[in-house]
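Colleague:
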Amino acid sequence: MIFLLMQPIDTFVFQAKHQMAESILHKYLARMRLEGYLTTQDENSLIADFNNIKCPIQNPSTDIIATAKESNGDNRILRSSDPVSSELMLQITCKPDPQPFNFMQLLGGAGGETTITVGGKELSERVNP
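All you need for the numbering used here is the position in the sequence shown, starting with 1, plus 1.
1. Please name the residue, chosen from A69, T118, D50 and Q100, that lies closest to L124 on a Cα-to-Cα basis.
2. Going by other Cβ atoms of all chains shown within 10 Å of its Cβ, with 16 needed for buried, is F13 buried or exposed?
3. Classify G113: buried if its beta carbon has 16 or more other beta carbons within 10 angstroms, exposed otherwise.
4. By DSSP's criteria, K28 is part of a beta bridge. Which residues make up the other side?
5. Could you check which residue in A22, N76 and S72 has the C-alpha nearest to that of Q42?
6. Considering only the alpha carbon of each residue, which of E126, E88 and P97 lies closest to K55?
7. Could you say which of N53, G37 and S81 lies nearest to A67 if we only look at CA atoms?
8. Taking buried to mean at least 16 other C-beta atoms within 10 Å of its own C-beta, is K28 buried or exposed?
9. Given a cut-off of 8 angstroms, decide if I48 and P61 are closer than it, judged by their beta-carbon atoms.
10. So is L35 buried or exposed if we call it buried at 16+ other beta carbons inside 10 Å?
11. Would you tell me roughly how many angstroms separate the C-alpha atoms of K122 and N53, rounded to the nearest one?
12. Between which two residues does the beta strand (DSSP E) harbouring E123 extend?
Take a look at the structure:
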């Protein structure tokens, strides 16, 4: 019976972490829009923000996907008349800690780690490199 009470609470906590992850994503996507890429300082702050909500990024080189990152030596993406070439993308994958309860494991279902992936796109507003 206790499992029936735990699942809604656990689901709420997981959804709250997802909303916080989306909020952090949009904060740094807005910074990217102004800078033209994800700066190294912003990347480190992003990792710290995810650690603060107990949803750490396991491997920044693979879990933070961006069209342009300063840490990779990428050039800034500048605003142009072509919206496709001005597009910035950021996708982040994190692993919530503690992991949410998997009710299906009680019934013999497969276990596994749960991750949260959030992403978005913006058009660059940067004009000069």
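All C-beta atoms in this analysis are idealised placements derived from N, C-alpha and C, irrespective of residue type, glycine included.
Modeller: Let me spell this out:
1. Here the question's residue 124 lines up with position 123 in the sequence shown. Taking only the C-alpha atoms, the option nearest L124 is A69.
2. For this step, residue 13 is matched to residue 12 along the sequence shown. Flag for F13 reads exposed.
3. Taking the first residue of the sequence shown as position 1, residue 113 is located at position 112. Exposed, because fewer than 16 other Cβ atoms sit within 10 Å of the Cβ of G113.
4. Position 27 of the sequence shown, counted from the first residue, corresponds to residue 28. Looking at the DSSP assignment, K28 forms no beta bridge with any residue, so it has no partner.
5. Here the question's residue 42 lines up with position 41 in the sequence shown. It is S72 whose Cα lies nearest to the Cα of Q42.
6. In the sequence shown, residue 55 corresponds to position 54, counting from 1. Per the Cα distances, P97.
7. As a first step, residue 67 must be located in the sequence shown, where it is residue number 66. Closest by alpha carbon: G37.
8. Position 27 of the sequence shown, counting from 1, holds the residue named residue 28. Result: exposed.
9. In the sequence shown, residue 61 corresponds to position 60, counting from 1. In the sequence shown, residue 48 corresponds to position 47, counting from 1. Cβ distance < 8 angstroms, so P61 and I48 count as in contact.
10. Position 34 of the sequence shown, counting from 1, holds the residue named residue 35. The residue is exposed, with fewer than 16 neighbouring Cβ atoms inside 10 Å.
11. The count along the sequence shown starts at 1 and reaches residue 122 at position 121. The count along the sequence shown starts at 1 and reaches residue 53 at position 52. When only Cα atoms are considered, K122 and N53 end up about 24 angstroms apart.
12. If you number the sequence shown from 1, residue 123 lands on position 122. Counting along the chain, the unbroken beta strand (DSSP E) around E123 starts and ends at I117 to L124.
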